[in-house]
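Protein sequences appear in the order of chains A, B, C, D and E. Basically the working numbering = 1-based index in the first sequence + 33. Basically the working numbering = 1-based index in the second sequence + 1134. Basically the working numbering = 1-based index in the third sequence + 1. Basically the working numbering = 1-based index in the fourth sequence + 384. Basically the working numbering = 1-based index in the fifth sequence + 384. Have a look at the structure below before the remarks.
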Amino acid sequence: MQRIGDKPTTRRWLIGTGVALSLLFLLLPLVAIFAQAFAEGIGLFWENLSDEYTLAAIGLTLFIAVLTIPINLVFGVFLAWLVTRFEFPGRRLLQTLIDIPFAVSPVVAGLVYLLLYGRTGWIGGWLDGHDIQLMFAWPGIVLVTLFVTCPFVARELIPLMQAQGAREEEAAVTLGASGFTIFRRVTLPNIKWALLYGVILTNARAVGEFGAVSVVSGSIRGETNTLPLHVELLYQDYNTVGAFTAAALLALIALFTLAAKAGLEWRAARREEFR
Amino acid sequence: ADRELLNSSYDIARELFATINPEFIDWWQEQQDESVDVKQSHGGSSKQARAILQGLKADVVTFNQVTDVDVLAEAGLVAEDWQQQFPNNASPYYSTTAFLVREGNPNGIESWDDLIEDDVEIVFPNPKTSGNGRYTYLAAWGYADRELDGDEEKIREFMKQFLNNVKVFDTGGRGATTTFVERNIGDVLISFESEVNNIRKEYGEDDYDVVVPPVSILAEFPVAVVEQYAERNDNLDLAKGYLDYLYTEEAQRLLAGFNYRVNDETVQQEFADQFPKTELLRVEDVFGGWNEVMDQHFAGGGILDQLQRR
Amino acid sequence: MSSTTLFARAASKRVLPGFGLSLGVVLLYVSLILLLPMTSLIGELSQLSLAEYWAIISEERVVASYTITILAAAIAAIVNAVFGLLMAWVLVRYDFPGKRLLDALMDLPFALPTAVAGITLATMYSSSGFMGRLLAPLGIEVAYTWVGIALAMAFTSIPFVVRTVQPVLEDLPVEIDEAALTLGASDGLAFRRVILPLLWPALVTGTGLAFVRSLGEFGAVIFIAGNMPYETEITSLMIFVKLQEYDYAGASAIASVVLAVSLLLLLALNLWQGHFVKRLHGGKS
Amino acid sequence: MSIRLTNISKTFGKTTALYPLDLDIAEGELVGLLGPSGSGKTTLLRIIAGLEQADRGAQAGRIHAGRIHFGARDVTNVHVRDRRIGFVFQHYALFRHMSVFDNVAFGLTALPRRDRPSSGEIRTRVHRLLEMVQLETFANRYPAQLSGGQQQRVSLARALALKPDVLLLDEPFGALDAKVRQELRRWLRHLHDELGFTSVFVTHDQEEALELSDRVVVMSNGRIEQIDEPDTLYRAPANRFVFEFLGDVNRLEGEVRNGILTCGDARLAVDLPNGHQELLMRPHELRLTINPSETTHLPAIVTAIAPVGAEIRVELEADWLPSPWLATLRHADFERLDIRRGQRLYIELRRWHRFDKDPASHAGFALAS
Amino acid sequence: MSIRLTNISKTFGKTTALYPLDLDIAEGELVGLLGPSGSGKTTLLRIIAGLEQADRGAQAGRIHAGRIHFGARDVTNVHVRDRRIGFVFQHYALFRHMSVFDNVAFGLTALPRRDRPSSGEIRTRVHRLLEMVQLETFANRYPAQLSGGQQQRVSLARALALKPDVLLLDEPFGALDAKVRQELRRWLRHLHDELGFTSVFVTHDQEEALELSDRVVVMSNGRIEQIDEPDTLYRAPANRFVFEFLGDVNRLEGEVRNGILTCGDARLAVDLPNGHQELLMRPHELRLTINPSETTHLPAIVTAIAPVGAEIRVELEADWLPSPWLATLRHADFERLDIRRGQRLYIELRRWHRFDKDPASHAGFALAS
Ligand SMILES: Nc1ncnc2c1ncn2[C@@H]1O[C@H](COP(=O)(O)OP(=O)(O)OP(=O)(O)O)[C@@H](O)[C@H]1O
Ligand SMILES: Nc1ncnc2c1ncn2[C@@H]1O[C@H](COP(=O)(O)OP(=O)(O)OP(=O)(O)O)[C@@H](O)[C@H]1O
Ligand SMILES: [Mg+2]
Ligand SMILES: [Mg+2]
Ligand SMILES: O=S(=O)([O-])[O-]
């Protein structure tokens, strides 16, 4: 097979440059995080890790992710089903709308929530009157996390479902299947990898969001302090090793995410070959 | 615990209150026979005030800027006469701005006019985003005002040079410290005296020297009860008790241990050699009050912006 | 509401089930989570007169921040375009040991919290950091200069170009290469005249997304920026400053500028791409 | 189950896919929908299935909405799910993640619990179906592991599992190799005859439509051009479109004067009124001779020869011909004439066809052969 | 330019796509590579083009590496770029982002500056090419705005722009409609004859190979089965594979004893030695009669009738037949016999074929027809 750029020298040069640059720009920062975390030995690393407030931050962060993911999963599936399986006025607009979180800077995202649900906001005022606290409590963190992560699942599903078309679902209808049966037995198996991929991305962002959460969290230690906020707090507090320990934890979650994604892709590729 | 108190504080006070809170809890237990718990929320002092405005239900605030409490007072969350409710303008401890220089003070920096030399690189946080930075700016201005007899033209010239020597403007005190210490940038770091001493302790007494200029500014650390919320939380007495505690000899000693200056005479004497005598200018005296300062100097297009224009 | 009846009629005889339910769920969610909060931004803005609005967004220091942000974002986007294209090519066209790991690594910037990326990059590239010390003798200063801003922006938006170009490159049939070769084209010419134009839409889209993302980036940039007024202050910092001053309206005003630019750019990208795709995949002349 | 469509039409936005049309299909019939791309075949089939909704009266600017009956039952507003149809999709639309067995069993397992057969019975029924489509041994394979023809048979078994009243197939063999296509075609015909349901299939391949259907519906541009049995269709096309669409056509245009059609140096005695005339002929309606006859003088040169199966295809050109003609000969005739490329021969017409502007007119003329 | 392949073989990993083979193609010839899927046609064509490298000696475990000559020039190690070939891809592989004009001009504009014609000359040449493929008016369109047949013609013009010595086409019409395919086929034949280059094309369609080629190379499983002219190929297939591949086949197996082949209640007088025998017949080699003849007793029942063009296809079944037979009749015969479905008839054989295990043996028997 003859392809462009197949000459061994071209090949070697391009791969070499690509690998070198990737290592420099991507791998090195990762190494730096761990180097800093272990700078003062593993003992201090452990000590920092088992700090009461670090543990609380880990707990809160996971709690937020666990709440956010299913909600955006359901939303993403409904949205993808809607825009890929039906024609209706406003379909394109809807698709553009869900890109808003990409265009909005996270700090601004936090701000708009604060303005709305904060004590002086028009909904927040009413809520405050009824002693309901959204901002500076976990519901507020969930809300902004929902905002910043809402496009991920849908963005994975829409191109795939568009490419797959509605044929199999139509076939299922002609065979008398009900809506839920169609989804569970025909659609879901076809999109499950993309769905998982969307979940992984949502998770990564939900766990790592800083700007938006920082605005609405109130940073009450042990209560509304998420892991990324905790990194900042420790860092501000001259606890560099502690900060990088928490950062290393987040980096580990990131690495796990990447591994899971790569694993999924690999599986998908293998299934593709198998077909 | 029977009751919970939330203290909203500035971001670098984490260790401080981590030390004070357990002592207070014991103290309260002794006095009132009630077990309580104190929660801490830390962030930039302005950000914390904003959060409270928007509904963060803190019972007390322990800030590093008077203006941030004023904002709460304006909104009616804090009593209007809050500065009268506790001694010393409701400021249980205070500090001033001081210099951290590298070992042996190679540039021979002793006072503010040493900072406008051409070859001096300064690091301090952005006055726009940091109270810490604002105090530094005001201290320099106050010094110049005194030395130049209030000739505004010349003061501005002085300040221009001063700002010109700034190498990096971080958003907060911590960022500036990192820049100076870990990234090895600049000849002098300007911050609260308390901070500067802490840093020296943290990063090596041998590598840095602290210089307290003969003239500087008085930085008050105001405290207040957020009455509206405390009342709602049924915590009025507890909140007041907490702040009262900060004035006890026991607490003042703890504060001094963190390099804050205090008014308790016994403690003052104990720590006398730690705090060099300095003349401390008051914002009210030099600038006429915080409102004037904010309007004239730090607002968009104000004097600070004018000075920094290239 | 008339639009409801319009939807209802269009939906009355759909073959696949779930239109009503999906539409309901999606509209509810989009309204509550996306649109409602955005109205508060408009509410804030409405407190400003036009003149005030203009004064805030055209203030000298803010304008300087636009210039810096846009320039740095543009440089980051262009760097990413080149790097992304190279990586997409290497990952799609060649096989080599470690390729899978390299591929996975491309997503790191998305998975890593930006604040973590920010402090890490600042630590690495400061004059005492590993990279800083390496570059200092060459007279290259990264941290606390616009180079640092561009670097942080580039880092956080690396995946955009790679991940948009990669699938398009994968889908290019071998025959395209072969056709060019049988017609006597050299590798360089074939790449320039045949491959690149076909990747163009994806490349531009990816670069555009990277640019938009860079415009709004705060966490990663702020640590390495130096934040010198008129020199290394980014627009997100200006918003942050306004917030510190309890000036919500001012913050909203500046945010609205960034938002408008971002949305316009996204829209333009969408339209342009639609036009391009139409030419490649049919539609009347 | 018979199918009756009355006044069915369909527009997509501004394009009209189907103009109002009626169609009757008898019980047990196998009907082919034949037409060029875009003629509306798929749309019509999907409307029968209920996968597409025909225009309502108001939308179509007409007073009476179209209706669809299956037997005596009006199914116009019945959902696909309840129409009791089996649908076979062009690209099979098999469930990729299910085994062949599960694909075929899907309809049965999707029944509401009270109607659902026991799993044992489902197994028996699926195996009977797989036997019928000769895929017993493939039950555990996945669609990706089957050839196109096998996939299509699975798709058929799946559609038949619920014993539909009506079987609808959209280009069932369109994606298959010529060889496989032919086999499957014959096999479908048998299956249909055996099980006796009513079937409608779409194709754009004339040969397929003619070979497989009891009756063929020829469509073009959203209209039905002719409905007839294959034989009739071929012999008596309703109009020029149908004639041209059903096979290769040779065209002769010229001026008729006093019973003689002239075109360049070609001459032909015809029984037609004076004026401009156009005659059409199929390749097998040409005969080649060494000498011109009294009534026909159509000289031509052989430009290409290709033996294909039992026939030889000969391409002919002449000055008076704007585009080449095609003739098919039997081997015997071919050898008798000893035809070589470049040779000059004379063409005789066994039969010709003529269509007036009037769409319903087909005039033919046949020579005793 | 003649093409000569010697000792060419190709393996992909463990699969052998081509066993060592030789092939000679004369200057100006139009040769078709015909075979079932996976038989190695594409691989062979791509090796000729230089898009694929044939095995080197060592790899193939042989001493002498294969060689490819174009005329007297050894091109074995010449890069595609420099082989002076034109290649037409099955799915056209047009550059989607270029207009028709730019596509055709690509090769010319890609020439090194010193060889490149002036832009005026390029324009003239491209327009001449577009005229040749009858697409003058489409110069400014984009590929997506063309039909499949038009795209394929652009692809051809593009391949011809550099005046290649050799034109190679991989299933050039595979993706096209039956009707368009036939037209384009004839058009290609003319073009080839006119321009006189050497052409090799790949197809898996027997009809296409037979109709289009001067000589056909029949391949199966990486080997060449036969190289011959279409007529010879059809009449004298080298082996059973070729015979079966080139058309429909009816099969009769039985025991021969004393010149009589018996199979169930079927009997047939044959001049063959005793033992098990298998006879093969094409559909047009069957004749249907009302009564059995003296020498032949092959009763069968008509199970399907389909008129297709000039012929009628009749499907026949019988107890003694494991799978149905297919006969093609002329309309006249069909009407004379008045054939209906379910009718019982007798089959006579005009001709039959027999292949021994020995690959080169083809024995035939023909009745005077
Ligand atoms: N969903 C749709 N939206 C818009 N137009 C459509 C739609 N489906 C079909 N059409 C149009 O309706 C007309 C008839 O299409 P249809 O698919 O029925 O044709 P067909 O005869 O099946 O053609 P083919 O042989 O290409 O499948 C075409 O002009 C087509 O473009
Ligand atoms: N790049 C490749 N890698 C591995 N095997 C290959 C490759 N290309 C072809 N083969 C194998 O070589 C054999 C011949 O393939 P080739 O494509 O030449 O067949 P073909 O006759 O063109 O078939 P088709 O009619 O399906 O195009 C097949 O078994 C095929 O699987
Ligand atoms: Mg169709
Ligand atoms: Mg092939
Ligand atoms: O943390 S400060 O805001 O005081 O710099």
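Virtual Cβ for every residue (Gly too), placed ideally from N, Cα, C.
Between A:Arg36 and C:Asp178 a beta carbon distance of about 5 angstroms is seen, short of the 8 angstroms cut, so the two are scored as contacting. In this structure, D:Thr679 lies away from D:Ala716, with their beta-carbon atoms at least 7 angstroms apart.
With contacts defined by Cβ atoms closer than 7 angstroms, E:Leu514 and E:Glu520 form a contacting pair. Chain-ordered, the chain C residues with CB closer than 8 angstroms to the CB of B:Val1302 read Tyr145, Gly227, Asn228, Met229.
Residue-level contact by beta carbon holds for E:Leu435 and chain A, with a gap shorter than 7 angstroms.
For E:Leu407, the enclosing beta strand (DSSP E) begins and ends at 399–409. With a threshold of 7 angstroms between beta carbons, D:Leu617 makes no contact with chain E.
For A:Phe119, the chain C residues whose C-beta falls within less than 7 angstroms of its own C-beta are Arg15, Phe20, listed in chain order.
DSSP places E:His715 within a helical segment (H, G or I) once states are collapsed to three. Not one heavy atom of ligand 3 is found less than 6 angstroms from the C-beta of D:Thr399. D:Ile392 places its beta carbon less than 7 angstroms from that of D:Gly450. Rounded to whole angstroms, E:Gly491 and E:Gly606 show a C-alpha spacing of 33 angstroms.
Contact check for D:Gly416 against D:Ser597 passes: the beta carbons are separated by less than 7 angstroms.
Look at E:His463 here: in three-state DSSP terms it is coil, with no helix or strand label. Here the C-alpha atom of B:Leu1297 lies approximately 20 angstroms from the C-alpha atom of C:Ile69. Proximity of the beta carbon of D:His475 to ligand 1 is not indicated: no heavy atom of the ligand is located closer than 6 angstroms. Of all residues in the stretch 282–302 of chain A, none comes within less than 7 angstroms of chain D when Cβ atoms are compared. When Cβ-Cβ separations below 7 angstroms define contact, D:Val462 makes no contact with chain C. Residue pairing from DSSP places E:Gln610 in a beta bridge opposite E:Val602. B:Glu1149: member of the alpha helix (DSSP H) spanning 1148–1166, first to last residue. For A:Val140 against A:Gly244, the beta-carbon gap comes to about 5 angstroms, under 8 angstroms, which counts as contact.
In summary, E:Lys425 is buried, with 16 or more beta-carbon neighbours lying within 10 Å of its beta-carbon over all protein chains present.
D:Gly424 has its CB nearer than 6 angstroms to a heavy atom of ligand 1. DSSP places E:Ser386 outside both helix and strand once states are collapsed to three, so it counts as coil.
Taking a C-beta distance under 7 angstroms as the contact criterion, B:Ser1225 and B:Arg1395 do not qualify as a contact pair. In the structure shown, E:His453 falls within a strand segment according to DSSP collapsed to helix, strand and coil. Of A:Val274, A:Phe216, A:Val177, the smallest CA-CA separation from A:Val240 is found for A:Val177. CA-to-CA, the gap between B:Asp1304 and C:Ala74 works out to about 21 angstroms. In this structure, DSSP gives D:His588 a state outside helix and strand, which the three-state scheme calls coil. Closer than 7 angstroms at the C-beta level to chain C, one finds these residues of the stretch 478–512 of chain E: Phe479, Arg480, His481, Phe490, Gly491, Ala494, Leu495. Between E:Pro691 and D:Asp615, the beta carbon gap of about 5 angstroms places them in contact (Cβ cut-off 8 angstroms). Under the DSSP assignment, E:Glu662 falls in the beta strand (DSSP E) whose first and last residues are 659–665. The stretch 490–550 of chain D contains, as complete alpha helix (DSSP H) runs of 4+ residues, the segments 503–516, 532–544 (chain order). Straight through space, the alpha carbons of B:His1176 and A:Gly251 are spaced by roughly 8 angstroms. For C:Val222, the nearest beta carbon of chain A is not closer than 7 angstroms to its own beta carbon.
Distance from the CA of B:Glu1149 to the CA of C:Ile150, rounded to the nearest whole angstrom, comes to 32 angstroms.
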